[in-house]
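Residue numbers (numbering that gives the first Met the number 0): 0 to 459. In this text, a Cβ means the ideal position worked out from N, Cα and C, and glycines have one as well. Heads up, the thing below is written out as structure tokens.
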Amino acid sequence: MADRLSFTLNDQPVEITGISPMTTLLDWLRDRRGLRGTKEGCAEGDCGACTVVLEREDGRREAVNSCIALLGQVDGLSVRTVEGLCGVDGGAHPVQVAMAEADATQCGFCTPGFVMSAYAFAAGGEKAEADTVHEALAGNLCRCTGYRPIVEAMGRVVGLAIDPPPAPAVRPASAAIDGVFFAPRSLDELLTLRSMYPGARLLAGGTDLGLDASRARKPPSTIIHLAHVAELKGIAADDEKITIGAAVTYTEAAPTLIEAFPALRPYLSRLGSRQIRNLGTLGGNVGNASPIGDMPPVLIALEASVRLVSGRGARDLPLEEFFVGYRKTALAPDEVIQSLSMPRLWPGEVFFCDKVSKRRDQDISTVAAAYRLRIKDGRIEDARVGFGGMAATPKRATHVEAALKAEGFAAAIAAVANDFQPLSDWRGTASYRLQVAANLLRRLELRIAEPARVLELEAL
Ligand SMILES: Cc1cc2nc3c(=O)[nH]c(=O)nc-3n(C[C@H](O)[C@H](O)[C@H](O)COP(=O)(O)OP(=O)(O)OC[C@H]3O[C@@H](n4cnc5c(N)ncnc54)[C@H](O)[C@@H]3O)c2cc1C
Ligand code: FES
Ligand code: FES
Numbered sequence: 000m001a002d003r004l005s006f007t008l009n010d011q012p013v014e015i016t017g018i019s020p021m022t023t024l025l026d027w028l029r030d031r032r033g034l035r036g037t038k039e040g041c042a043e044g045d046c047g048a049c050t051v052v053l054e055r056e057d058g059r060r061e062a063v064n065s066c067i068a069l070l071g072q073v074d075g076l077s078v079r080t081v082e083g084l085c086g087v088d089g090g091a092h093p094v095q096v097a098m099a100e101a102d103a104t105q106c107g108f109c110t111p112g113f114v115m116s117a118y119a120f121a122a123g124g125e126k127a128e129a130d131t132v133h134e135a136l137a138g139n140l141c142r143c144t145g146y147r148p149i150v151e152a153m154g155r156v157v158g159l160a161i162d163p164p165p166a167p168a169v170r171p172a173s174a175a176i177d178g179v180f181f182a183p184r185s186l187d188e189l190l191t192l193r194s195m196y197p198g199a200r201l202l203a204g205g206t207d208l209g210l211d212a213s214r215a216r217k218p219p220s221t222i223i224h225l226a227h228v229a230e231l232k233g234i235a236a237d238d239e240k241i242t243i244g245a246a247v248t249y250t251e252a253a254p255t256l257i258e259a260f261p262a263l264r265p266y267l268s269r270l271g272s273r274q275i276r277n278l279g280t281l282g283g284n285v286g287n288a289s290p291i292g293d294m295p296p297v298l299i300a301l302e303a304s305v306r307l308v309s310g311r312g313a314r315d316l317p318l319e320e321f322f323v324g325y326r327k328t329a330l331a332p333d334e335v336i337q338s339l340s341m342p343r344l345w346p347g348e349v350f351f352c353d354k355v356s357k358r359r360d361q362d363i364s365t366v367a368a369a370y371r372l373r374i375k376d377g378r379i380e381d382a383r384v385g386f387g388g389m390a391a392t393p394k395r396a397t398h399v400e401a402a403l404k405a406e407g408f409a410a411a412i413a414a415v416a417n418d419f420q421p422l423s424d425w426r427g428t429a430s431y432r433l434q435v436a437a438n439l440l441r442r443l444e445l446r447i448a449e450p451a452r453v454l455e456l457e458a459l
């Protein structure tokens, strides 16, 4: 096992000893490496000032928030910061030129973050369509320039020829850095570590757990990192079901999920930002067990099951049985979530989902709802409905389901209060949440009866 951190930074190999792997990448870049182009704004993944690019083995370049990424997470990877961008003859990189020429910067504090997001966008070869640009920038905030010139700069970087990334210093060996940060490569190894270190925290993408290190400055004392465990990284899809490994990121899972359940396209584009989706995982969303996580209601409506593994064997649970109380799950201390499986839609079935949050982008939901329906001759024959933000756990709405099948939407709306007695918090009062849930059911009714009208309303 390797006992030191090594990765590639701006094309140069780096070896680190004597620094905690729980240090955030941002702190290390700025305080230890002197690379202060990468800024700290919010320290919680919201503003994008700290954006750097991970250059993956398969050539992907992905923007991530260095403020919530731990140093241990980049072991064996390749990282590029704004200092690592270079144009012809050592001048400004074309992305930087585009930002300057579009007058897309004033005080400049946010600019390195925008530059790195634009660099990842350009390297991805996407088209500069309004939706795509908006989505690519949703994780970066600017408080002085205004977004029009920044969007214009994004238009200028489209089609830019960017060399393929250098091969990262891939580490085939498992890492055990300082005896506190373990990065197993196989499920066997992971389960052995899980039983040896029952108090260790499991870290997938770190977009929840990383906040302990950045915002709270209290990182876990021992971590088992899941991102390199091959058995947690697979995606399997056949005619009947889809299985997503718990350590697969949203970015990796999205094409398969959207192909099977097209309503997830707009929904996933509002789950965090690209920076968050490039590291965050479904397993982490479920493992975190937040009542307002976006994926649990979707997965509950889709009749997903969760596979839990330990040295004692594997067991599958319907996802709704996994959540047993406020942020409490059925996961035993020696278990790990291996994967999530969901059946495909059968002919005659449709799937819809909705999220209501205080801000459109980069905001976790106040209320989320998802529906898997079988409709025949305009009548709902079968329904599975999942809600988030309405109870202490993500939860199935069984009274709503029964009413949808037996009586229709008016009865289903009246049944919301039988399923849920939501809490009030700063995101919304209990009565607001009940009203939102009722309104989402009204929207669902319109969607089924008048799909064109809903599209028209949503475009406003
Ligand atoms: C700025 C920002 C915006 C966000 N926006 C959203 C949003 O819109 N919607 C939303 O739902 N969430 C949002 N989140 C929360 C977070 O991104 C998601 O919950 C994400 O899915 C967490 O995945 P992760 O891999 O990063 O989890 P991690 O942080 O690595 O882990 C989260 C928890 O799950 C546990 N865990 C992880 N993997 C496993 C496993 N395989 N087995 C058992 N336990 C495991 C960990 O121990 C930890 O307790 C946001 C976070 C930030 C910082
Ligand atoms: S400092 Fe704001 S996202 Fe990292
Ligand atoms: S240019 Fe000042 S915050 Fe964006």
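Sorry if obvious, but does the Cβ on residue i come closer than 8 Å to a heavy atom of ligand 3?
i: T191; result: no
i: Q95; result: no
i: T144; result: yes
i: C85; result: no
i: R107; result: In the sequence as displayed, the identity of residue 107 is Gly instead of Arg. For ligand 3, at least one heavy atom lies less than 8 Å from the Cβ of G107.
i: T221; result: no
i: T37; result: no
i: T104; result: yes
Determine the contact status of residue i and residue j, defining contact as a CB-CB distance below 9 Å.
i: V157; j: L189; result: no
i: V285; j: I336; result: yes
i: P218; j: S340; result: no
i: V473; j: L159; result: Since the displayed the chain opens at 0 and closes at 459, residue 473 lies outside it and no answer follows.
i: P290; j: A369; result: no
i: R273; j: A117; result: no
i: D353; j: L267; result: no
i: G510; j: K394; result: Missing from the structure shown is residue 510; the chain here goes from 0 to 459 and no further.
i: S338; j: T428; result: no
i: D418; j: T397; result: yes
i: E61; j: T221; result: no
i: G36; j: T80; result: yes
i: M21; j: L69; result: yes
i: R371; j: L403; result: no
i: T365; j: V435; result: yes
i: I176; j: G71; result: yes
i: T392; j: G324; result: yes
i: R269; j: S356; result: yes
i: G472; j: F108; result: What is shown of the chain runs 0 to 459, which leaves residue 472 out entirely.
i: A226; j: A246; result: yes
Taking residue i as the reference, give the member of the options with the closest Cα.
i: A313; options: V52, L330 and L301; result: L330
i: G75; options: D130, E14 and G33; result: E14
i: E82; options: G71, G198, G112 and A103; result: G112
i: L53; options: G44, D45 and V63; result: V63
i: L256; options: G271, M294, S194 and L225; result: M294
i: H133; options: R359, G388 and A410; result: R359
i: W425; options: G388, Y146 and L186; result: G388
i: A414; options: P197, A451, P254 and V399; result: V399
i: G17; options: A129, P148 and G178; result: G178
i: P197; options: G244, S309 and A416; result: S309
i: P450; options: S194, A215, R31 and A262; result: A262
i: R193; options: E455, R311, R326 and F408; result: R311
i: R216; options: G33, E406, C66 and S423; result: C66
Residue i: beta carbon under 8 Å from a heavy atom of ligand 1?
i: Y118; result: no
i: M389; result: no
i: S304; result: no
i: R264; result: no
i: I291; result: yes
i: Y325; result: no
i: I336; result: yes
i: S272; result: yes
i: S77; result: no
i: T22; result: no
i: D362; result: yes
i: G312; result: no
i: G279; result: yes
Does the distance between the C-beta of residue i and the nearest non-hydrogen atom of ligand 4 fall short of 8 Å?
i: G198; result: Because ligand 4 does not appear in the structure shown, any question about it cannot be addressed here, the ligands present being ligand 1, ligand 2 and ligand 3.
If you measure from the beta carbon of residue i to each beta carbon in chain D, is any gap under 9 Å?
i: V132; result: In the structure shown, chain D does not exist; there is a single protein chain.
ask   = Who sits around ligand 2, taking every residue whose Cβ is closer than 6 Å to one of its heavy atoms?
value = For ligand 2, residues qualifying as neighbours are E39, G40, C41, A42, G44, D45, C46, G47, A48, C49, N64 and C66, where qualification means a beta carbon closer than 6 Å to at least one of its heavy atoms (chain order).
request  = Report yes or no: do the region 203 to 212 and the region 86 to 104 share at least 3 C-beta pairs separated by less than 8 Å?
outcome  = Too few Cβ pairs lie closer than 8 Å, so no.
message = Using a Cβ distance threshold of 8 Å, determine whether the region 33 to 49 contacts the region 237 to 245, with at least three qualifying pairs required.
response = Output reads no: the region 237 to 245 does not touch the region 33 to 49.
ask   = Given 8 Å as the limit, is there contact between the region 286 to 301 and the region 314 to 321, that is, 3 or more CB pairs closer than that?
value = A contact exists between the region 286 to 301 and the region 314 to 321.
key: Three or more C-beta pairs below 8 Å linking the region 14 to 28 and the region 117 to 124   = Counting Cβ pairs under 8 Å, fewer than three are found: no touch.
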